[in-house]
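Numbering (this note's numbering), first residue to last: 37 to 474. Just below is one structure, and these are the notes that go with it.
Here it is in structure tokens:
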């Protein structure tokens, strides 16, 4: 598949158009980041209402992130046939449908239906993300692609910083005072329907907002002129023959898995008496520091990577994350709690840096590469499950070894990139139309 944004032969009609399109993509990062982070608030709520183990509660993330594995490549095919803007509209409408499915899930009081709604919501976010990642890389100079994608990810972090505390007030603020394990039959179903009403109201509000945004995007669907070639999308898997791309795809799998696993456990971790002993709502509000650290770190990282090699930065932050996990697992009180929250700062540059390092040299095959890499976000479905199982068998503290191993393997990828550099923006023969200068 060959896709390029048309202007000066390649990207947008004017430099002003390029700038405005960047802000459009930044808004997409904000939206799907914020909605994704609400899963961290849903987990303790659903865990309580359906009396789930940690392993079972992590199915929330599995249902959501499984969509990345299933939908990413079809999403790349939609981009190939319909273009970036139209595909973004489709993704936003799919997200809206997922939000609306929370209504029947709540009415039935069935955990499985909530998982289905989350899968559809995740499918919509997958489509939007397959659009956003390569598009922001194309809208600017090749030499600043790392910095630009990191800056875009900062808007993702802005969403993940704002949504959880608001969600904690709306959803966790109404944690039940009745133990659901004492109920059965119709009484239990009615109780769950009543207690999940706050979830429904939250996601109905999101559905209304998504409908408006999808309409705006659709009206601007012709702002880009895109050169499209109808190649076989399955050829995208051939990119995995490139060691750097394949290793980077694994890195995305590990990073998303580690970040989601830690974020999913923070509320339950902080309520422990030997950590910070907080109530569920207060612990949920502390998610702002985990995701806010990623927000601050991405703005800092976007500036630093104009002067420091991205692979070198990636090595530093992965070792920082491992150190903080070790501190949290081996201390108590506020030191244990805040060292876990501080991992968000270390996570800040990981996704955009791994993505751009893996994608160097893809040229016109950037959208294909994005589809494959986004499939690897399924790590958010698998690693949290393993972490939850480890927590059930041992403890929340010991379970942190799972994300620690993930960070160690990401450090190995960063070291590989340092030892095997490639010229940024230089595609292999047959691949090249470089991103536009702006």
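The C-beta atom is built at its ideal place from N, Cα and C for all residues, glycine as well.
Check	Outcome
Within the stretch 332 to 405, ranges of the alpha helix (DSSP H) (whole runs, at least 4 residues)	346 to 365, 369 to 377, 379 to 383 and 386 to 395
Cβ pair residue 73, residue 323 closer than 9 Å	yes
Of the listed residues 457, 358, 343 and 135, nearest to residue 394 (C-alpha basis)	457
CA-to-CA distance, residue 333 to residue 165, given in whole angstroms	21 Å
Sub-9 Å separation of residue 227 and residue 413 beta-carbons	no
Sub-9 Å separation of residue 162 and residue 245 beta-carbons	no
Same chain, Cβ closer than 6 Å to residue 199, neighbours up to 5 away in sequence not counted	70, 73 and 74
Coarse secondary structure for residue 247, derived from DSSP in three states	helix
Under 9 Å between C-beta atoms of residue 81 and residue 207	yes
CB contact flag (residue 300, residue 423, <9 Å)	yes
Pair within 9 Å by beta-carbon distance, residue 100 and residue 236	no
C-beta atoms of residue 439 and residue 302 nearer than 9 Å	no
Cα-Cα separation between residue 410 and residue 270, rounded to whole angstroms	15 Å
First and last residue of the uninterrupted alpha helix (DSSP H) at residue 75	75 to 85
Cβ neighbour criterion (16 or more within 10 Å) applied to residue 321	buried
Run of the alpha helix (DSSP H) containing residue 207, from where it starts to where it stops	Looking at the DSSP string, residue 207 is not in any alpha helix (DSSP H), and its letter there is neither H nor E.
Collapsed DSSP secondary structure at residue 430 in the structure displayed	coil
DSSP-derived helix/strand/coil call for residue 61	helix
Reduced DSSP category for residue 322 - H, G, I as helix; E, B as strand; rest coil	coil
Residue from 251, 125 and 59 with nearest C-alpha to residue 188	59
Whole runs of the alpha helix (DSSP H) within the stretch 81 to 140, excluding any shorter than 4 residues	90 to 93, 95 to 118 and 120 to 136
Coil, strand or helix - residue 416 by DSSP	helix
Test item: CB-CB of residue 150 and residue 232 under 9 Å	yes
Length of the line joining the Cα atoms of residue 313 and residue 195	27 Å
Top-ranked residue by Cα proximity to residue 140, from 381, 240 and 107	240
Residue closest to residue 79, alpha-carbon to alpha-carbon, out of 68, 91 and 96	96
Cβ shell of residue 350 (< 8 Å), same chain only, five flanking positions each side left out	385, 386, 389, 390, 393, 446, 447, 449, 450 and 453
Three-state secondary structure assigned by DSSP to residue 309	coil
Nonlocal neighbours in the same chain, by C-beta distance under 6 Å from residue 373, ignoring five residues either side	306, 311 and 312
Pick from 242, 344, 115 and 106 that is closest to residue 133, judged by C-alpha positions	242
CA-to-CA distance, residue 65 to residue 77, given in whole angstroms	20 Å
Continuous alpha helix (DSSP H) stretch holding residue 272: start and end	Residue 272 -> no alpha helix (DSSP H), and no H or E assigned at all.
Length of the line joining the Cα atoms of residue 340 and residue 304	34 Å
As assigned by DSSP and simplified to three states, the class of residue 279	helix
Run of the alpha helix (DSSP H) containing residue 439, from where it starts to where it stops	437 to 455
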